[in-house]
Amino acid sequence: MDSKTYEKEINLTDSSDKLSQLEVKYLGRNGVINDLLKKIKDIPSDEKKDYGQKVNKLKTSIKRLIEVKKKELAGKKSEKFFDATLPGKIYPKGSLHPITYTIEEIASIFQKLGFIRVSYPEVEWEYFSFEALNMPKGHPARDDFESFFIDYPEHEKFGRMVLTPHTSSGQNREMRRLKTPPIRMINIAKCYRRNWDATHAPMFYQFEGLCVDRGINITHLKGTIDFFAKQFFGPDREIRLRPHHFQFTEPSFETDINCNICKGTTKINGKKCRVCKSGWLELGGSGMVHPEVLRAGGIDPNIYTGWAFGFGPERCLMMKLGLDEIRDLYGGDIRFLEQF
Ligand code: PHE
Numbered sequence: 001m002d003s004k005t006y007e008k009e010i011n012l013t014d015s016s017d018k019l020s021q022l023e024v025k026y027l028g029r030n031g032v033i034n035d036l037l038k039k040i041k042d043i044p045s046d047e048k049k050d051y052g053q054k055v056n057k058l059k060t061s062i063k064r065l066i067e068v069k070k071k072e073l074a075g076k077k078s079e080k081f082f083d084a085t086l087p088g089k090i091y092p093k094g095s096l097h098p099i100t101y102t103i104e105e106i107a108s109i110f111q112k113l114g115f116i117r118v119s120y121p122e123v124e125w126e127y128f129s130f131e132a133l134n135m136p137k138g139h140p141a142r143d144d145f146e147s148f149f150i151d152y153p154e155h156e157k158f159g160r161m162v163l164t165p166h167t168s169s170g171q172n173r174e175m176r177r178l179k180t181p182p183i184r185m186i187n188i189a190k191c192y193r194r195n196w197d198a199t200h201a202p203m204f205y206q207f208e209g210l211c212v213d214r215g216i217n218i219t220h221l222k223g224t225i226d227f228f229a230k231q232f233f234g235p236d237r238e239i240r241l242r243p244h245h246f247q248f249t250e251p252s253f254e255t256d257i258n259c260n261i262c263k264g265t266t267k268i269n270g271k272k273c274r275v276c277k278s279g280w281l282e283l284g285g286s287g288m289v290h291p292e293v294l295r296a297g298g299i300d301p302n303i304y305t306g307w308a309f310g311f312g313p314e315r316c317l318m319m320k321l322g323l324d325e326i327r328d329l330y331g332g333d334i335r336f337l338e339q340f
């Protein structure tokens with residue numbers, strides 16, 4: 001068979017239907033190749049081998065040509081249906097974590113009051129977390145800050161290394177950095193404690209305010225927190241200070257905000273409010289900086305006074321939105337995070 005004939009035929013085919021017909025014509029049961037193979041019985045025996053090889057070669061070559069053509073026609077087909085005006089694929093957009101937004105908002109509220117945002121080590125010496133805050137070695141108050149210690153050689157003055165259990169460790173660092181007041185610090189950072197329940201996660205954030213100057217008193221503390229509460233939660237919010245104890249402040253307070261779910265009435269439609277206790281929600285600790293803490297930071301407590309507070313951004317966000325499980329924020333479940 002003349003190779004030009006089938007090559008031409010296959011190459012000039014412009015549809016897959018026609019190509020299938022050619023496939024049957026050449027390779028089918030009663031096709032050209034099988035006809036040629038049948039004829040082998042009439043071939044003199046010394047030429048049979050040579051003849052057989054030639055027919056097989058031809059078969060392979062036709063098969064190959066048909067395969068190539070098939071691919072070519074399939075490509076043409078999809079090209080034919082390509083519609084450039086169809087809308088493209090829309091990929092889901094990511095977003096920042098809700099706590100990142102919350103931290104940005106908190107920082108901007110305090111920046112309006114002239115507070116400087118700072119950042120101090122997340123893995124810190126024990127000294128800054130405890131001794132500098134009037135909690136000497138072995139003091140039972142340290143137990144309240146259920147800390148994670150790091151397996152690292154002890155420093156002769158600063159002690160062991162610890163994952164900061166609270167942002168108050170930044171107080172001494174900031175006093176050392178500025179040397180003389182006025183100090184207006186807002187320290188927002190990760191903290192770690194051995195806790196795990198609906199309102200505690202082992203990694204959480206705190207934002208710590210510290211204000212030191214001449215003549216600073218409790219009214220400044222209350223006014224500042226009140227400003228924050230109104231900005232962050234809305235104009236109807238009020239705060240109150242409740243006596244408490246911290247080693248590094250004297251006097252010390254728990255700081256509460258009035259509940260906007262039940263509007264302080266403790267009841268919603270006759271049922272007990274799910275969010276608050278007695279109409280108030282706790283934001284965190286605060287107080288007037290203890291003279292020993294000022295002294296440890298190189299500031300004379302006879303000239304200067306100051307206040308400090310340490311609150312949780314997660315708590316604030318939960319109270320703003322009515323969330324009742326802090327661990328949802330760090331569970332990494334995209335269905336939860338997507339809502340923000
Ligand atoms: N550091 C305290 C805590 O984590 C909070 C606090 C900060 C209290 C500043 C008083 C002053 O519980």
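Under full-length UniProt numbering, the very last position in the sequence shown is 340; numbers go up by exactly one each time.
Beta carbons: idealized from backbone N, C-alpha and C, even for Gly.
Fair warning: this is a prediction, and the values are worked out from it, not measured in the lab.
Looking at the secondary structure, which residues open and close the beta strand (DSSP E) in which HIS155 lies?
Position 155 of the sequence shown, counting from 1, holds the residue named residue 155. 149-155 is the extent of the beta strand (DSSP E) around HIS155.
Backbone secondary structure at GLN53 - three-state DSSP
Here residue 53 refers to the residue found at position 53 when the sequence shown is read from its first residue. Here GLN53 sits in helix by DSSP.
Alpha carbons only, please: which of LEU19, SER16, LYS54 is nearest the one belonging to ASN34?
On the sequence shown, position 34 is the one that residue 34 refers to. The residue with the shortest Cα to Cα distance from ASN34 is LYS54.
Which of the three DSSP states is assigned to GLY332 in this structure?
Within the sequence shown, numbered from 1, the residue matching residue 332 stands at position 332. The answer is coil: DSSP assigns GLY332 none of H, G, I, E or B.
Apart from the five residues on each side of it in sequence, which residues of its chain come closer than 8 Å, Cβ to Cβ, to GLY284?
Here residue 284 refers to the residue found at position 284 when the sequence shown is read from its first residue. Contacts found: GLN206, GLU254, THR255, PHE309, GLY310, PHE311, GLY312, ARG315.
Secondary structure of LEU281, DSSP reduced to three states
For this step, residue 281 is matched to residue 281 along the sequence shown. Reduced to three states, the DSSP call for LEU281 is strand.
To which residues of the same chain is PHE227 closer than 8 Å at the C-beta, ignoring the five residues directly before and after it?
For the purposes of this step, residue 227 is taken as residue 227 along the sequence shown, with counting starting at 1. The answer, listed in chain order, is ILE109, LEU113.
Check whether the region 117-124 touches the region 175-191, taking contact to mean three or more Cβ pairs, one atom from each stretch, closer than 8 Å.
yes
Counterpart residues of MET161 in DSSP-defined beta bridges:
Here residue 161 corresponds to residue number 161 of the sequence shown, with the count starting at 1. In the DSSP output, where bridge partners are listed per residue, MET161 has TRP125, ILE150.
Simplified DSSP state of HIS166, which is helix, strand or coil
One-based indexing of the sequence shown puts residue 166 at position 166. Residue state, collapsed to three classes: coil.
Opposite LYS267 in the DSSP bridges: which residues?
To locate residue 267, count along the sequence shown from 1; it is residue 267. The partner list for LYS267 (beta bridge, DSSP) reads LYS272.
Give the single residue among ASP197, LEU58, ASP300 whose Cα lies nearest to the Cα of ARG176.
As a working mapping, residue 176 is identified with position 176 in the sequence shown. The option with the nearest alpha carbon to ARG176 is ASP300.
Proximity test, THR164 beta-carbon vs ligand 3 heavy atom, cut-off 7 Å
Among the ligands modelled here, namely ligand 1, ligand 3 does not occur.
Assigned exposure category for GLN247 - 16 Cβ within 10 Å defines buried
Taking the first residue of the sequence shown as position 1, residue 247 is located at position 247. Burial call: buried.
Boundaries (first-last residue) of the beta strand (DSSP E) holding CYS211:
Within the sequence shown, the letter at position 211 stands for residue 211. Where CYS211 is concerned, the enclosing beta strand (DSSP E) stretches over 203-213.
I need the DSSP call for PRO181, collapsed to helix, strand or coil.
Walking along the sequence shown from the start, residue 181 turns up at place 181. Note: PRO181 maps to coil in three-state DSSP.
Going by beta carbon distance, what residues of the same chain come within less than 8 Å of ARG142, once the five residues before and after it are set aside?
Along the sequence shown, read from residue 1 onward, the residue named residue 142 stands at position 142. Within the same chain, ARG142 has close Cβ partners PHE130, MET135.
Given that a residue counts as buried once 16 or more other Cβ atoms are within 10 Å of its Cβ, and exposed if not, what is GLU338?
Translated into the one-based positions of the sequence shown, residue 338 becomes position 338. Exposed.
Can GLY297 be considered in contact with ligand 1, in the sense that its beta carbon sits closer than 7 Å to one or more heavy atoms?
Here the question's residue 297 lines up with position 297 in the sequence shown. No.
Mark PHE149 as exposed unless 16 or more other C-beta atoms lie within 10 angstroms of its C-beta, in which case mark it buried.
Counted from its first residue, the sequence shown places residue 149 at position 149. It counts as exposed.
Ligand 1 heavy atoms versus the CB of ALA308: any closer than 7 Å?
Along the sequence shown, one-based indexing puts residue 308 at 308. Yes, ligand 1 has a heavy atom inside 7 Å of this Cβ.
Measuring only from the beta carbon, is GLU208 closer than 7 Å to any heavy atom that is part of ligand 1?
Walking along the sequence shown from the start, residue 208 turns up at place 208. Correct: GLU208 has its Cβ closer than 7 Å to ligand 1.
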